[in-house]
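Working notes for the structure below.
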Amino acid sequence: MPEKVHTHFGDSDGESSKQAPKPISDAVPAEDGAWKKRRSKKRKRDEPADNSQPRNGEPIQAPKPSPVVEPVTQEPKPDTKPDDTPQPPPNKTQVAKHKNNFKPKSFSDTKTNFAPLREKANALYELRKKLPIFGHADEIRQKLREQDVMLLVGETGSGKSTQIPQFLVNEFWCRPTPAQIPKEDGSTRSASVGGCIAITQPRRVAAITLARRVAEEMGTPLGSSSPASKVGYSVRFDTSVSPSTRVKFLTEGMLLQEMLHDPWLTKYSAVVVDEVHERGINVDLTVGFLRNLVSGKKEGRGGVPLKVVVMSATADMESLMGFFQEGFKIQEEEQKHLSNGNSGEKKETVKEITACHIKGRQFPVKTIYSPAPVHDFVDAALKVIFQIHYKEPMPGDILVFLTGQETVEALEQLVNEYATGMDPSLPRILVLPLFAALPQAAQQRVFQPAPPRTRKVILATNIAETSVTVSGVRYVVDCGKAKVKQFRTRLGLDSLLVKPISKSAAIQRKGRAGREAAGQCFRLYTEKDYLTLDETNTPEILRCDLSQALLNMKARGVDDIVRFPFLTRPPREALEKALLQLLNIDALQDSGKISDVGLQIAKLPLTPTLGRVLLAAAENGADCLIDVIDIISCLSVENIFLNTTSEEKKEAAETARRDLFRREGDHLTMLATVRAYASENADRKAWAERHLVSHRAMQSVMDVRKQLRSQCRQAKLLPRDDGRDHTSDPAPVLILQSFLCGFGNNTARLVPDGSYRTVVGNQIVAIHPSSVLYGKKVEAIMYNEFVFTNRSYARGVSAVQMDWVGEALAG
DNA sequence: GAGCACTGC
Numbered sequence: 001m002p003e004k005v006h007t008h009f010g011d012s013d014g015e016s017s018k019q020a021p022k023p024i025s026d027a028v029p030a031e032d033g034a035w036k037k038r039r040s041k042k043r044k045r046d047e048p049a050d051n052s053q054p055r056n057g058e059p060i061q062a063p064k065p066s067p068v069v070e071p072v073t074q075e076p077k078p079d080t081k082p083d084d085t086p087q088p089p090p091n092k093t094q095v096a097k098h099k100n101n102f103k104p105k106s107f108s109d110t111k112t113n114f115a116p117l118r119e120k121a122n123a124l125y126e127l128r129k130k131l132p133i134f135g136h137a138d139e140i141r142q143k144l145r146e147q148d149v150m151l152l153v154g155e156t157g158s159g160k161s162t163q164i165p166q167f168l169v170n171e172f173w174c175r176p177t178p179a180q181i182p183k184e185d186g187s188t189r190s191a192s193v194g195g196c197i198a199i200t201q202p203r204r205v206a207a208i209t210l211a212r213r214v215a216e217e218m219g220t221p222l223g224s225s226s227p228a229s230k231v232g233y234s235v236r237f238d239t240s241v242s243p244s245t246r247v248k249f250l251t252e253g254m255l256l257q258e259m260l261h262d263p264w265l266t267k268y269s270a271v272v273v274d275e276v277h278e279r280g281i282n283v284d285l286t287v288g289f290l291r292n293l294v295s296g297k298k299e300g301r302g303g304v305p306l307k308v309v310v311m312s313a314t315a316d317m318e319s320l321m322g323f324f325q326e327g328f329k330i331q332e333e334e335q336k337h338l339s340n341g342n343s344g345e346k347k348e349t350v351k352e353i354t355a356c357h358i359k360g361r362q363f364p365v366k367t368i369y370s371p372a373p374v375h376d377f378v379d380a381a382l383k384v385i386f387q388i389h390y391k392e393p394m395p396g397d398i399l400v401f402l403t404g405q406e407t408v409e410a411l412e413q414l415v416n417e418y419a420t421g422m423d424p425s426l427p428r429i430l431v432l433p434l435f436a437a438l439p440q441a442a443q444q445r446v447f448q449p450a451p452p453r454t455r456k457v458i459l460a461t462n463i464a465e466t467s468v469t470v471s472g473v474r475y476v477v478d479c480g481k482a483k484v485k486q487f488r489t490r491l492g493l494d495s496l497l498v499k500p501i502s503k504s505a506a507i508q509r510k511g512r513a514g515r516e517a518a519g520q521c522f523r524l525y526t527e528k529d530y531l532t533l534d535e536t537n538t539p540e541i542l543r544c545d546l547s548q549a550l551l552n553m554k555a556r557g558v559d560d561i562v563r564f565p566f567l568t569r570p571p572r573e574a575l576e577k578a579l580l581q582l583l584n585i586d587a588l589q590d591s592g593k594i595s596d597v598g599l600q601i602a603k604l605p606l607t608p609t610l611g612r613v614l615l616a617a618a619e620n621g622a623d624c625l626i627d628v629i630d631i632i633s634c635l636s637v638e639n640i641f642l643n644t645t646s647e648e649k650k651e652a653a654e655t656a657r658r659d660l661f662r663r664e665g666d667h668l669t670m671l672a673t674v675r676a677y678a679s680e681n682a683d684r685k686a687w688a689e690r691h692l693v694s695h696r697a698m699q700s701v702m703d704v705r706k707q708l709r710s711q712c713r714q715a716k717l718l719p720r721d722d723g724r725d726h727t728s729d730p731a732p733v734l735i736l737q738s739f740l741c742g743f744g745n746n747t748a749r750l751v752p753d754g755s756y757r758t759v760v761g762n763q764i765v766a767i768h769p770s771s772v773l774y775g776k777k778v779e780a781i782m783y784n785e786f787v788f789t790n791r792s793y794a795r796g797v798s799a800v801q802m803d804w805v806g807e808a809l810a811g
């Protein structure tokens with residue numbers, strides 16, 4: 001019997017609310033967790049026929065003009081006479097010389113006429129002047145003339161990501177500088193150092209969007225569209241730069257990759273590290289290497305300084321300050337040590353790290369806590385959604401943060417159910433789910449404006465916290481939880497668990513309500529609970545398998561891992577485990593130095609284990625390698641098989657996929673799928689739809705495959721001109737044995753009670769239901785992933801023989 | 001009987 005539900009949400013800010021909350025619809029569920037019982041009638045969500053989706057699974061992008069143009073509330077300040085006005089267009093003769101195959105992008109029509117670009121830039125300049133950061137331009141320039149390291153806290157909406165590079169690009173220190181660089185034999189060579197600014201981003205879309213925006217603001221074409229382009233970007237599978245590039249946006253991974261070849265970053269005068277607060281493992285490595293660079297002697301740069309700007313949205317700058325100061329202190333002590341006894345020498349001025357805090361432009365967001373602890377946040381969210389809908393004026397969409405697909409779909413169904421019983425005089429409700437596994441076209445619906453008299457209710461996972469901005473949101477409902485992946489060193493297994501978020505994540509979620517107007521954030525937890533949350537997110541470096549990070553460091557000559565400047569030092573146990581794993585796959589010599597195998601693996605865009613598999617396959621011949629590359633490509637993208645959620649489709653899917661399934665397991669099934677997809681020359685998209693295979697995922701697979709093949713050709717693991725179609729039958733035994741070279745530890749054998757137990761550690765493990773071997777009993781299995789969700793699952797599973805496992809483990 | 005979010009010459 002549905003009870004009458006009253007709004008429990010008090011107003012925590014002490015501001016008196018205008019009126020007492022009204023009771024909301026009678027039609028709100030009574031029992032806790034009622035949604036859990038409704039899961040049986042899930043509706044289908046298969047990849048729709050749509051040709052407009054971007055290629056290679058590029059994350060969704062809101063169709064908004066730019067990531068930085070914020071609503072303007074203040075009067076423009078008097079003109080500050082900046083010296084970074086848009087550049088005059090480069091002369092036409094220069095452009096005309098390069099007539100051949102520049103990828104025409106959005107600037108194709110302006111290849112020889114930059115006037116429109118300039119006009120646009122001039123118009124944008126008016127907007128730039130109003131950004132909160134704009135008034136700080138001179139201060140920032142001045143500080144960086146004197147110091148090499150700057151920490152910059154810029155709240156959301158401050159404009160830091162687009163403006164900082166433009167403030168700096170015309171500084172005197174930002175020009176290419178002739179330098180003498182010592183060679184190994186003691187002589188020197190002349191080279192030019194600097195001239196470019198790099199700005200790192202954690203995500204690909206962000207790097208590309210920002211580059212596009214800054215190019216517009218600077219009145220220059222983007223990337224490779226013209227040789228005169230001053231702004232470019234570089235992300236995996238897509239690099240767009242020109243000989244004149246001065247400002248380059250890149251992903252952190254890309255900068256790390258560049259550092260493998262150019263450890264002194266000689267192209268750059270400055271590196272701007274953006275979004276440090278997100279603390280992905282790549283950003284930790286980046287700042288570690290950068291600290292070594294700025295506090296060292298810079299011999300590889302011929303002494304030319306590198307400016308480093310570290311930017312964050314949260315004010316936790318103290319640890320970063322200490323981090324860079326420690327680097328300078330160590331350097332100073334070393335110098336003191338060297339010049340010992342020479343006390344008359346003038347002491348160099350102590351280097352300082354400057355800091356700058358820029359207020360953001362956000363509208364106020366009122367926080368409303370739950371007065372009592374919430375047991376079922378799906379149920380609580382349902383009530384709050386209708387409370388908002390009944391009480392609050394239009395317009396104003398609602399963004400609800402949930403933990404995963406399951407809770408999103410459950411709440412979706414509930415909201416739709418109760419919305420049908422609503423008073424028809426009320427505005428309608430449009431429920432839109434949003435999570436990464438959702439097909440592109442369904443994700444795009446979130447960005448379309450709501451029909452008239454309709455309120456959008458977006459039910460999202462963490463994807464909406466950082467990766468995606470939805471406009472129109474004035475109300476945020478935050479369940480206070482998120483799924484977090486945690487690597488457990490001792491068990492060698494990943495867990496995906498629902499955990500409370502951090503304060504800074506809670507603030508981030510709340511901020512999503514104040515981007516366009518004043519908003520409200522309903523927290524489905526008490527204020528007391530909020531106060532007990534961690535300040536910041538746990539850095540990824542404490543939560544993941546470190547073997548790839550360590551191999552990266554070793555490949556850059558960091559032999560003593562313990563002395564590496566970690567922003568947060570991982571526990572010794574985790575480091576040791578990673579070292580052991582690298583030793584196991586022969587990536588390291590017994591001395592701890594990197595081996596030739598290790599060096600080869602480090603250059604591959606793969607985890608060390610997958611890299612090892614690739615090298616092992618190469619030893620089994622080119623045919624085997626070609627096949628293993630196909631499989632590895634599948635393993636390094638999202639699931640290639642679509643979920644078949646509806647009953648009718650399920651049977652059709654089984655039939656359609658039957659010719660792809662291989663009894664050897666998931667690996668050979670993936671191979672069959674890639675081969676069939678690749679040999680489909682007529683219409684791959686239709687083929688994918690027929691077989692319920694994700695076309696988006698397969699496009700990424702083809703990108704990775706192409707990249708890996710080309711790298712293997714370069715490394716002479718594959719013959720140069722292997723243009724011919726690969727048609728020989730696969731050799732399952734060789735393929736699986738190659739995989740065992742990397743995954744020998746990821747094996748389990750069937751025990752008499754019918755369950756599988758790991759060969760190393762004797763732990764119980766179940767085959768994941770997504771596997772073709774689900775429910776099958778074989779002598780032994782090898783798997784790519786060992787994950788704990790509700791129980792321990794092996795994912796990416798193939799049948800193997802125990803004697804192969806023995807051989808692989810014996811080395 | 002199941003899928004937080006990112007990323008890589």
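All residue numbers for the first sequence refer to full-length UniProt numbering, where the first residue is 1 and numbers rise by one.
Quick reminder that beta carbons are idealized off the backbone N, C-alpha and C, glycines included.
Inset, instruction - May I ask you to report which of helix, strand or coil DSSP gives E31? - result: At E31, the pLDDT of 45 sits below 50, so the modelled position is not reliable; the number obtained from the coordinates is stated separately. It is coil, neither helix nor strand.
Inset, instruction - Return the first residue and the last residue of the beta strand (DSSP E) that M782 is part of. - result: From DSSP, the beta strand (DSSP E) with M782 extends over 780-788.
Legend entry - R128 versus Y783 - alpha carbon distance: 52 Å
Inset, instruction - Taking only runs that begin and end inside the segment 510-563, name each unbroken beta strand (DSSP E) of 3 or more residues, in chain order. - result: Secondary structure within the segment 510-563: the beta strand (DSSP E) runs of 3 or more consecutive residues, fully enclosed, are 519-523 (chain order).
Legend entry - Proximity of E664 and A766 at Cβ, strictly below 8 Å: For E664 and A766, no; Cβs fall outside 8 Å.
Legend entry - Rounded C-alpha distance that separates A587 from E576: 14 Å
Legend entry - S339 to G327 span [Cα, whole Å]: Going by the C-alpha atoms only, they are around 19 Å apart.
Legend entry - Cβ contact (3+ pairs, closer than 8 Å) linking the segment 741-761 and the segment 789-806: yes
Legend entry - Short Cβ contact (8 Å threshold) for T673 with V693: yes
Inset, instruction - Return the CA-CA distance between K662 and L625, expressed in angstroms with no decimal places. - result: Per the sequence shown, the amino acid found at residue 662 is Arg instead of Lys. R662 and L625: Cα-Cα distance of roughly 19 Å.
Legend entry - Where residue 816 falls, given that 16 or more other Cβ within 10 Å makes a residue buried: Coverage of the chain is limited to positions 1 through 811, which leaves residue 816 absent and any answer about it impossible.
Inset, instruction - Specify the secondary structure class of L255 as computed by DSSP and reduced to three states. - result: helix
Inset, instruction - Within the same chain, show all residues whose beta-carbon is closer than 6 Å to that of W687, passing over the 5 residues directly before and after it, in chain order. - result: E680
Inset, instruction - Classify V283 as buried or exposed, calling it buried when 16 or more other Cβ atoms lie within 10 Å of its own Cβ. - result: buried
Legend entry - 8 Å contact criterion, which D666 and V772 should meet: CB distance rounded: 6 Å
Inset, instruction - Check the DSSP bridge columns for V273 and list the partner residues they point to. - result: T200, V310
Inset, instruction - Could you tell me whether the Cβ atoms of K499 and V476 are closer together than 8 Å? - result: no
Inset, instruction - Check whether the segment 118-133 touches the segment 255-268, taking contact to mean three or more Cβ pairs, one atom from each stretch, closer than 8 Å. - result: no
Inset, instruction - Please work out which residues of its chain come closer than 7 Å, Cβ to Cβ, to I388, disregarding the five sequence neighbours upstream and downstream, and give them in chain order. - result: Only I398, Y475 meet the Cβ criterion.
Inset, instruction - Pull up the DSSP beta-bridge partners for residue 812, would you. - result: Outside the shown range of the chain (1 to 811) lies residue 812, about which nothing can therefore be said.
Inset, instruction - Would you kindly work out how many angstroms separate the C-alpha atoms of C174 and A215, rounded to a whole number? - result: 18 Å
Legend entry - Nearest-angstrom Cβ-Cβ length linking R543 and Q486, presumed shorter than 8 Å: 5 Å
Inset, instruction - Mind the definition here: the segment 460-474 touches the segment 433-444 only if three or more C-beta pairs lie below 8 Å; say whether that holds. - result: yes
Legend entry - Classification of D379 by the beta-carbon crowding that lies within 10 angstroms, buried from 16 upward: buried
Inset, instruction - Can you check DSSP and say which residues form a bridge with L152? - result: M311, C356
Legend entry - Per DSSP, the bridge partner or partners of A799: I781
Legend entry - Three-way DSSP call (helix, strand, coil) for S710 in this model: helix
Legend entry - Contacts around V365, its chain only, beta-carbon distance under 8 Å, and the 5 residues preceding and following it disregarded: Excluding residues within five positions, the ones whose Cβ falls inside 8 Å are V476, K510, G511, A513, G514, A518, G519, Q520, C521.
Legend entry - Span separating the alpha-carbon of L736 from that of V169: 52 Å
Inset, instruction - Answer with buried or exposed for R710, where buried requires no fewer than 16 other C-beta atoms within 10 angstroms of its C-beta. - result: At residue 710 the sequence reads Ser, which differs from the Arg that was named. If you draw a 10 Å sphere on the C-beta of S710, you find fewer than 16 other C-beta atoms in it, and that means exposed.
Inset, instruction - Just grab the DSSP bridge partners of I767 for me. - result: A794
Inset, instruction - Compare the beta carbon distance of P373 and D529 with 8 Å and say whether it is the shorter of the two. - result: yes
Inset, instruction - Along the alpha helix (DSSP H) that carries P327, what are the first and last residues, could you check? - result: Note that residue 327 is Gly in the sequence shown here, rather than Pro. Run containing G327: 318-338, per the alpha helix (DSSP H) assignment.
Legend entry - Cβ-based neighbour list, T156, same chain, cut-off 7 Å, excluding 5 preceding and 5 following: A313, G360, Q362, G511
Inset, instruction - Output yes or no for whether 8 Å exceeds the beta carbon distance between V231 and A211. - result: yes
Inset, instruction - Whole angstroms is fine: what's the gap from K503's alpha carbon to R690's? - result: 46 Å
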